[in-house]
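In the order they appear, the protein sequences are chains A and B. Using my numbering, the letters of the first sequence correspond one by one to residues 439 to 1364. Using my numbering, the letters of the second sequence correspond one by one to residues 905 to 982. All C-beta atoms, glycine included, are put in the ideal place defined by N, C-alpha and C. Structure first, then comments.
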Amino acid sequence: MNTKIKVHGMTCMHCHKRVTDAILAIGGVSSVDVSLEDESAIVEFDPGKTSLEEIRQAVTDAGYEAGAEECRLPEAAAQEQACRVIPDEVMDEASSRKKPEPGTVEDAIFRISGMKCSSCAQNIEGILGKHEGVISATVNLPLERATVRYEPAKVSPEELAEDIESLGYHVVKDRVTLDVGGMTCASCAQNVEKVLKRLEGISSVNVNVSMGKARIEYNSSVVSVDDMRKAIEAIGYSASMPVDRQLAEDRERKEREDEIRRQRNNLIISVAIAIPVMLGSLKPVFPDLFGFVPDILANRNVLFLLTTIVMVFPGRQFFEGTYRGLKHGVTDMNLLIATGTGAAYVISVASSYLELGPGYHHLYYDTAVMLIAFIVLGRYMEARARGRTSESIKKLIGLQAKTARIIVDGQEKEVPVESVEVDDIVFVRPGEKIPVDGVVVDGASAVDESMITGESIPVDKSKGDVVIGSTLNRSGALKLMATNVGADTALARIIELVENAQNSKAPIQRVADVVAGHFILIVHILALAAFFFWYFIGFERYDVTLNSGIASPFLFALLISITVLVISCPCAVGLATPAAIMVGTGKGAENGILIKGGEALERTLKIDTIVFDKTGTLTKGNPELTDVVTVAGLSSDELLVMAASAEVGSEHPLGEAIVRGAEQRKLKLKDVEDFRSIAGKGVEATIEGSRILLGTRKLMADNGIDIASVEKTMESLEAQGRTAMIAAMDGRLAGLVAVADTLKENSKEAVEKIRGMGIEVVMITGDNRRTADAIAGSIGITRVLAEVLPEDKASEIRKLQDEGRIVAMVGDGINDAPALTQADIGIAMGAGTDVAMESAQIVLIRNDLRDVIASIRLSRLTMNKIKQNLFWAFGYNTIGIPLAAGLLYPVVKTILISPELAAAFMAMSSVSVTTNSMLMKRKKIK
Amino acid sequence: MSDQNMSRKKGRYTLIASLVTSILLAILFAALSFAVNSSRVFPLYTQVDIIAGMVFVFVLSMIVSASIWPAVIEKRMR
C-alpha cells in the first residue's frame, strides 16, 4: 500500500535522513521516499503489519509533525470482524442493477486514441456493427469519438470497448478519485469496489482503505460521478470529490507564510538585540573607538540578560530541534548551531559569574547572539526563497477556471467547473477563461493560449477547432462542447506531470544524498579532532597567546571547534539539486515544455544524436498532390481518377493526398471492387473491370510491369523530395502520380541550431531513399534512415544506441511511441495525445521544432545550475571547514573565520544555492 | 513484541556504549592534559581548561558515538 503523508518541520538533509530512518525502522514498511521540498513522505507498507498511525507516530517521535491529512486505517481484528458484510441483493439495489429489459436501447460514447484516418474509423464502425446487440455505431474521427447505440440486454459497454481495443486502438477512460468515508477495514474496501464494479460503464476500481480513496476508471457517457456517489452512499459509506487542489494549495501557502512570519519575528528580535550586544562587547576591547557606547551596554549583567533573551526566543528553535533529535538518537543541523551557540553562551555565563582564572575574562555573548542572528537571517531568506521555487506550479493551478457557463435546455447556467461533464455545451464570453478542454461548435474568437503553450500571439478559433481549458477567450463568444473535464484536461495533466517531475530526483542527487546523510557526524568528528589538535598541539606550537591574545588553550580550541560546527552547512548540499529541478521544470511548463523529472534532464544533457521522424515533425504531415504524369494515352484527369479511386480505401496519408487532390479538381471517383492494400508496396484494386496497381517500383516488378519509360521522370521527382507512385492498368504502365509533404517553416532553422549545438541530426522515414535524401538535404540533414517501416523505427534507434550514441527521438507520439520509448530521451511534439504523454520523457505542447532546441537549452541550463549548486555547496564546505579548523593559522597567525563570520557564511550558503536556482527564471530558453 | 524488545535493547546498549566511549575520551583528554602539565615546569592548562575541556569533549563524543554505535550494535545483534 502506498501512502503519502505530510511531514512538517524538516529543514535539512539530516532531517530527511532522520524521517527516512524512523519510518524504515517500522516493521512492515518496505520503502519510503521523503521529499524535503514537498515536506512529505511516500511510504509503501504492508497494512497487515503496520498502520499509518504507527508511521505518523514514528514521524512525531522523530521530532517532526506528521501532516494533518488523516487517513483511516484498518482497526483491530475485532473491529474488522464487526464489519458489515453486504449481501449481493443490497449491492444490486445500491448500484441500481436490474436485469436489462430486452429491447431497451442505450447510447454509449467511447473516446478513442490512435485513429489516423477515415479507414480507422471505418474499421471501428465495422467491428462494432458486427457485434450482436449493436444497433448503430458512428465514429467521429476529428473528435476521436465512437457513438454506439446498443441493447444492454445483449452487449455491455465493456465488451464494446474490448472490441475497439482488439483492433489496436485505445479507449480513453475517464478517471476520478473519490474520498470515501466510513471504511474501517479491507472488507469495507471490497464492499465499495464491488458496488462500483456493478455499475455499468466502470472499467476499474481501486480502493485504498488507508487513504480513504477510491480511484475509478469509467465511461462518463454511461455512468456519472453522481451515480457512483449514490451507489457508495447506498451501502452505508460516504463519498465526495476530494478537497479542491486550490484549497490544499492555500493551506500549504498559509503554512509557508506562517514560517516566514515566524522567522521574520525571530530575525527582528535577534538583530535588535545583536546591535547593543555587539557594541557593548566591543567597548571594553576598543574603548577609544566605541567611546560613544553607554557603559551600561558593556555591563556583563545587561549582556547576559540580552543574550539570554535571544537564546530563549529566536534561539529556542535550535535547542528544541536538537532535543527532539537527540531524544531519538538522531542529529541534524540544529545540533550544529545549538552546540556552537550553547558553548559560547555557557562559557560567557561562567566567565561572567565565576572566577575561572587567567584567560577567562573575555566574554562571548556577542558570538552567541550574532550566530543566532545570522542563522535566523538564513532561515528567513531560505523560507522566502523556497516558496518562490514552486511558484510555477502555483501559477498553473491558479490558471484553472472556477466556474463554467453550460447550456441546459437552451438556458445558460453557471456551475462549478467540477460539475461540467463531457459533451456539455459550454458558453464562453469574450474576456473569460475557457473552463474545460473542448471543440468549438459555434462562434469564432482569438484565444490566448500563452499560459499553456508559451505562444504569445492569440490563436484564431472557429467551429471545429480544439480549445484548451484555462486559456483566455479574447475577442468573440464561443460555444464549445466539452471533451475533457476534471483530471483529464490538458492543464490538469500538465500540473500532474510537473508535480511528479518536481518531486523526482536526478541521478546526480544520489551523491548529495549520501554526503548529506552523514554530514553532521563527519562535522562533529572534525570539530572534535580540531579541538584536540588545537588544545594539545596547535596552541603552544603556533604561539596562539602571542598572536591572538587568547590565554586559555581551551577557549581557543573551543572557538575553533565552534567555528567548524557553525560553518558546515548540510542544507546547501541538500537543496542544490531539488531547487534547480523545481525551477527548471517549472520554467519549462511556463514555456510549453514538460520535462518528466530529473533523470530526463540529466539524460538530455548527454544526448549526441537527435532522430527526427519526418512526417508530422519535420514536415507538416499533410502531403499534397504535386504531379500527374501520364503515358499510354490517358489524360491526367483520367489517370488521377483511376489512382484516387484505387486509394479511396487506403489508410495511407499518401493515398489520402491523392484522393484529396482529385477532390480539389472536382473529379468524380469511380466505384472500386476488390481493394487490397499491399504493405510497403502500394494498393491493388479493380475499377470498372480493370485491374489497377498503384505503388512502388517493387510492386510493378512483382507484377512484371516495365517502368523503364518513366524511370527518369520518377528519379527527377524523387530528387525534388516528392514521392512518386507508379500507376498501372491491366498490366500496362499508365503513368506516375507524385505527392509531397511540405516542410515546416522552421525545420531548417531548428536543424541548423541543433547541429550548432554539436548534436548530430538524423531523419527517419518510410520514404524511399532518393526522396528521403532530397528532403533531408534541403534542410541540412546528412544522415537519413529511409524506407523504415513504422514498426522498425524502434530497432533503428537501438542500432544507433549500439553505436554508442545517446539518442533522442522526436516524434508526434502517435505511430512512433515504441521509438520514443526506446530512445534515451523521447521528445513528443503536440501534447494532445495520451500516448505522447506516456511514452516520452519530454512533451512539447506546441508543434514547434524550435521547442526541441528550447528543451535542450533548458535541460542544459538546469543541469548547469545543479552542477553549480553542488559545486558551491560542496566547495563552500570543502573550503570553509578547513579554514574554520585553523588550517591557515600557522601561516597567517590569526583566526581567519570567527564563529560570527562562519554563521554568516552558513546562512548565505543555502540562500545562495536557492537564489542561484531562481536566477534561471531570468534566462531565455527560446 | 520481539521487535520492540530488540529496539529497547539496542537503545540501552547504544546509550551504555556511547556513555562509556565518551567517558573514556573525556578521561583520556584529562589524562593527556595532566601528562602535559606534569612534564612542564609551569603548567599549560588550568583546572578550568581541563574540566571545561572534559565537558566539551564528553558532549561532542556523545554526539558522535550516539550516531556510530547504533549501526554497530544492530549488526552485532543480528
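CB contact flag (residue i, residue j, <9 Å)
| i | j | result |
| --- | --- | --- |
| VAL740 (chain A) | ALA712 (chain A) | no |
| LEU1063 (chain A) | VAL1175 (chain A) | yes |
| ALA1017 (chain A) | MET1356 (chain A) | yes |
| TYR675 (chain A) | VAL614 (chain A) | no |
| TYR802 (chain A) | ILE775 (chain A) | no |
| GLY1249 (chain A) | ILE1265 (chain A) | yes |
| ASP1179 (chain A) | ASN1060 (chain A) | yes |
| VAL1426 (chain A) | LYS840 (chain A) | For residue 1426 (chain A) there is no data in the structure shown, the boundaries of chain A being 439 and 1364. |
| ALA546 (chain A) | ASP499 (chain A) | no |
| VAL923 (chain A) | VAL885 (chain A) | no |
| GLY1318 (chain A) | SER1006 (chain A) | yes |
Amino acids of chain B, ordered along the chain, whose beta-carbon sits closer than 9 Å to that of residue i
| i | result |
| --- | --- |
| PRO595 (chain A) | Under the 9 Å cutoff, chain B gives no residues; its nearest Cβ is about 49 Å from PRO595 (chain A). |
| GLN812 (chain A) | Per the sequence shown, the amino acid found at residue 812 (chain A) is Phe instead of Gln. Here the premise fails: no neighbours, minimum Cβ distance about 22 Å. |
| GLY795 (chain A) | THR950, GLN951, VAL952 and ASP953 |
Of the listed residues the options, nearest to residue i (C-alpha basis)
| i | options | result |
| --- | --- | --- |
| ILE963 (chain A) | B:VAL963, B:PRO974 and B:ILE977 | B:VAL963 |
| GLN701 (chain A) | A:GLY1133, A:PHE751 and A:GLU1153 | A:PHE751 |
| GLU1338 (chain A) | A:ALA782, A:ARG456, A:SER662 and A:SER658 | A:ALA782 |
| ALA1082 (chain A) | A:MET1163, A:GLY1012 and A:ILE1235 | A:MET1163 |
| HIS446 (chain A) | A:ASP862, A:ASP1140 and A:GLU503 | A:GLU503 |
| ILE1125 (chain A) | A:GLN1158, A:GLU1085 and A:HIS1090 | A:GLU1085 |
| GLN1279 (chain A) | A:ASN1285, A:GLN1260, A:SER990 and A:THR777 | A:GLN1260 |
| SER1277 (chain A) | A:ARG1284, A:ALA1246 and A:ASN1285 | A:ALA1246 |
| PHE790 (chain A) | A:ARG738, A:THR1209, A:THR805 and A:TYR818 | The question names Phe, yet the displayed sequence has Ser at residue 790 (chain A). Cα-wise, what sits closest to SER790 (chain A) is A:ARG738. |
| PRO991 (chain A) | B:MET981, B:ALA975 and B:ASN941 | B:ASN941 |
| GLY1022 (chain A) | A:ILE565, A:LYS444, A:GLY639 and A:THR1352 | A:THR1352 |
| LEU637 (chain A) | A:MET666, A:SER658, A:GLN628 and A:LEU616 | A:MET666 |
| GLU1111 (chain A) | A:GLU1101, A:LYS1104, A:THR1134 and A:GLY1087 | A:GLY1087 |
| ARG653 (chain A) | A:SER659, A:ALA672 and A:ALA677 | A:ALA677 |
For residue i, the three-state DSSP class (helix, strand or coil)
| i | result |
| --- | --- |
| ASN737 (chain A) | coil |
| THR1124 (chain A) | strand |
| ARG433 (chain A) | Chain A is shown only over 439 to 1364; residue 433 (chain A) falls outside these bounds and no answer can be derived. |
| VAL645 (chain A) | strand |
| PRO1337 (chain A) | helix |
| ASN911 (chain A) | strand |
| CYS521 (chain A) | Residue placement at CYS521 (chain A) is flagged as unreliable, the pLDDT there being 48, under the threshold of 50; the coordinate-derived value follows with that caveat. Coil, per DSSP. |
| ASP1065 (chain A) | strand |
| GLU544 (chain A) | strand |
| PRO580 (chain A) | Residue placement at PRO580 (chain A) cannot be trusted, given a pLDDT of 48 that sits under 50; what the coordinates show is reported in the next sentence. Here PRO580 (chain A) sits in coil by DSSP. |
| SER857 (chain A) | helix |
| ASN941 (chain B) | helix |
| ARG549 (chain A) | strand |
| SER574 (chain A) | strand |
Proximal chain B residues relative to residue i, where beta-carbon distance stays under 8 Å
| i | result |
| --- | --- |
| PHE957 (chain A) | Chain B residues near PHE957 (chain A): none, gap ~11 Å exceeds 8 Å. |
| TYR502 (chain A) | Per Cβ cutoff of 8 Å: no residues; TYR502 (chain A) is ~18 Å from chain B at best. |
Chain-ordered chain B contacts of residue i [CB-CB under 7 Å]
| i | result |
| --- | --- |
| TYR973 (chain A) | GLY957 |
| ALA781 (chain A) | PHE960 |
| TYR798 (chain A) | VAL952 |
Neighbouring residues, chain A, relative to residue i (Cβ below 9 Å)
| i | result |
| --- | --- |
| LEU928 (chain B) | Result: empty, since nearest Cβ-Cβ is about 13 Å, beyond 9 Å. |
Per-residue contacts from residue i into chain A (C-beta, under 8 Å)
| i | result |
| --- | --- |
| LEU964 (chain B) | THR777, HIS962, ALA965, LEU966, PHE969 and SER999 |
| VAL940 (chain B) | PHE974 |
Interface residues of chain A facing residue i [CB-CB closer than 7 Å]
| i | result |
| --- | --- |
| LEU948 (chain B) | GLU978 and PRO991 |
| LEU936 (chain B) | PHE974 |
| VAL924 (chain B) | By Cβ distance, chain A contributes nothing, its closest Cβ being about 16 Å from VAL924 (chain B), past 7 Å. |
| ALA945 (chain B) | The residue asked about is misnamed: residue 945 (chain B) is Val in this sequence, not Ala. The contacting residues do not exist; VAL945 (chain B) stays about 14 Å from chain A at best. |
contact_flag[the region 959 to 979 of chain B, the region 955 to 962 of chain A] where n(CB pairs < 8 Å) is 3 or more: yes
Any 3 or more C-beta pairs closer than 8 Å across the region 1297 to 1310 of chain A and the region 1035 to 1048 of chain A: yes
The region 1335 to 1345 of chain A in contact with the region 811 to 823 of chain A per 3-pair CB rule at 8 Å: yes
Three-pair Cβ contact test at 8 Å for the region 1052 to 1072 of chain A versus the region 1163 to 1172 of chain A: yes
Cβ-based contacts, 8 Å cut-off: residues of the region 996 to 1017 of chain A near chain D: The question asks about chain D, but that chain is absent: this structure's protein chains are A and B.
The region 754 to 763 of chain A contacting the region 725 to 736 of chain A, beta-carbon criterion three pairs below 8 Å: no
Three-pair Cβ contact test at 8 Å for the region 1214 to 1233 of chain A versus the region 1184 to 1191 of chain A: yes
contact_flag[the region 1106 to 1119 of chain A, the region 1144 to 1163 of chain A] where n(CB pairs < 8 Å) is 3 or more: no
Segment contact flag, the region 898 to 917 of chain A with the region 997 to 1008 of chain A, C-beta cutoff 8 Å, min 3 pairs: no
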